[in-house]
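First comes the structure, then the notes that go with it.
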Amino acid sequence: MTEYTSFSDLWADFEDDLEYLTEQNILEFTLQLHQFMEERDVSKKELADHIGSSQAYITKVFKGKANFTIASMTKLVNALGGKLTIHVTGQEEKNQKWFRRFDGNKDVKTRWRQKPIIENQFNEMLEHAGA
366 MTEYTSFSDL WADFEDDLEY LTEQNILEFT LQLHQFMEER DVSKKELADH
416 IGSSQAYITK VFKGKANFTI ASMTKLVNAL GGKLTIHVTG QEEKNQKWFR
466 RFDGNKDVKT RWRQKPIIEN QFNEMLEHAG A
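Each residue of the sequence shown is one higher than the one before, counting from 366 in this note's numbering.
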């Protein structure tokens, strides 16, 4: 197991880990989908009924256990009256989360996120551990 002496070293490994990146994308999608559902006051049961699925499948989706395809993601978003968009960025933007959502005739909402600001806490933990 790799021992890390800084948060930056730990974060650098995560940024290149395929499993981490995949889970991060699943989390982003499910968070956006849930927000979209709340904005439209749609329950999991209603969404399941609309796509001809079970409520258990929708629960599986929100637990990140569903095997997403572009088709299944599109089906879920379209059922809520939305449109799925996919954005590809260069490696120089890998620390930023970018997404946009079309909401009827409203303007595109764009949101940028930086990596979590927990480096100081990580370094304090290392100091207390004697690293």
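Beta carbons: idealized from backbone N, C-alpha and C, even for Gly.
Would you kindly report the start and end of the unbroken alpha helix (DSSP H) that includes residue i?
| i | result |
| --- | --- |
| tyrosine 385 | 383-404 |
| histidine 415 | 409-416 |
| glutamate 380 | 372-380 |
| isoleucine 435 | 435-444 |
| isoleucine 423 | 420-427 |
By how many angstroms is the C-alpha of residue j removed from the C-alpha of residue i?
| i | j | result |
| --- | --- | --- |
| phenylalanine 427 | threonine 387 | 15 Å |
| lysine 410 | alanine 377 | 40 Å |
| phenylalanine 433 | glycine 455 | 23 Å |
| aspartate 374 | isoleucine 416 | 43 Å |
| alanine 413 | glutamine 397 | 17 Å |
| isoleucine 435 | glycine 446 | 16 Å |
| isoleucine 451 | glutamate 403 | 22 Å |
Quick check on the burial criterion: 16 or more other C-beta atoms within 10 angstroms. Buried or exposed for residue i?
| i | result |
| --- | --- |
| leucine 392 | exposed |
| valine 442 | buried |
| alanine 444 | buried |
Task: Stretch-stretch touch, CB-based, cutoff 8 Å, three pairs: the stretch 410-430 with the stretch 369-387 - done: no
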